[in-house]
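These notes are about the structure you will find just below.
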Amino acid sequence: SKYSHIKRVFSDPIQVDTMFISSEDELLREFVYKSYLKENKLQESYFKSILSKRKQLAHLCGYETFAHRANENTIMETPSNIMDFLRECSRQIMPKAVNDFNLMRSFKKNVLKSDLPLMPWDVPLISNRLKKQMFDLDR
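Just so you know, we're using the numbering used here here: the sequence shown kicks off at 17 and counts up by one.
Following this line, the structure appears as structure tokens:
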């Protein structure tokens, strides 16, 4: 497999440690990312069960959804108010996010000398390096 040289880095059984997310080795970062975030059917079944129980609780208490129940008497009051707020935040943040994405993509190409597209496992390494560079954190 493409990860054969990487498996030698880990003990058996493989235990993924987050210290590898900032590795210079792109395949190692990918392996750690995918290993750590791999699908877990048991956790997914627990999560679905919790969501189902929350829905039942909301209906028993006379609410449309658990979100309606959880947000009653809060500053946002309703799920639709929350969604409106999040949409507005997204609208305002999008230009900055696009700029950050382009900055990370450029860093990967020019500094890391990689022609591969920017991937989720690149973000911790590149964002840390950019912060150090932009904010002069090593001095």
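Using N, Cα and C, we set each Cβ at its ideal position, and we do this for glycine too. Owing to the predicted nature of the structure, the values given are computational and were not obtained by experimental measurement.
Using a Cβ-Cβ cut-off of 8 Å (strictly less than) and excluding sequence neighbours within five positions of Leu146, which residues of its own chain qualify? By 1-based counting over the sequence shown, the position of residue 146 is 130. Excluding residues within five positions, the ones whose Cβ falls inside 8 Å are Leu119, Met120 and Phe123.
Any 3 or more C-beta pairs closer than 8 Å across the stretch 130-142 and the stretch 97-112: no
Express the C-alpha separation of Glu46 and Leu55 in angstroms, rounding to a whole number. Taking the first residue of the sequence shown as position 1, residue 55 is located at position 39. Taking the first residue of the sequence shown as position 1, residue 46 is located at position 30. First, the amino acid is wrong: residue 55 is Glu here, not Leu. So the alpha carbons of these two residues sit roughly 15 Å apart.
Beta-carbon separation (whole angstroms), Cys77 vs Arg85, contact threshold 8 Å: Mapped onto the sequence shown, residue 77 falls at position 61. Mapped onto the sequence shown, residue 85 falls at position 69. Right, the Cβ-Cβ distance comes to about 6 Å (below 8 Å), so this counts as a contact.
Whole angstroms are fine: how far does the CA of Asn115 sit from the CA of Asn126? Residue 126 sits at position 110 when you count from the first residue of the sequence shown. Residue 115 sits at position 99 when you count from the first residue of the sequence shown. If you take the alpha carbons of Asn126 and Asn115, they lie about 16 Å apart.
How big is the Cα-Cα spacing for Ser65 and Leu58? Counted from its first residue, the sequence shown places residue 65 at position 49. Counted from its first residue, the sequence shown places residue 58 at position 42. Roughly 11 Å separates the two Cα atoms.
Using three-state DSSP, classify Pro133 as helix, strand or coil. Sequence index remark: in the sequence shown, residue 133 carries index 117 (1-based). Correct three-state label for Pro133: coil.
By how many angstroms is the C-alpha of Cys105 removed from the C-alpha of Ile98? On the sequence shown, position 82 is the one that residue 98 refers to. On the sequence shown, position 89 is the one that residue 105 refers to. When rounded, the distance between both Cα atoms is 10 Å.
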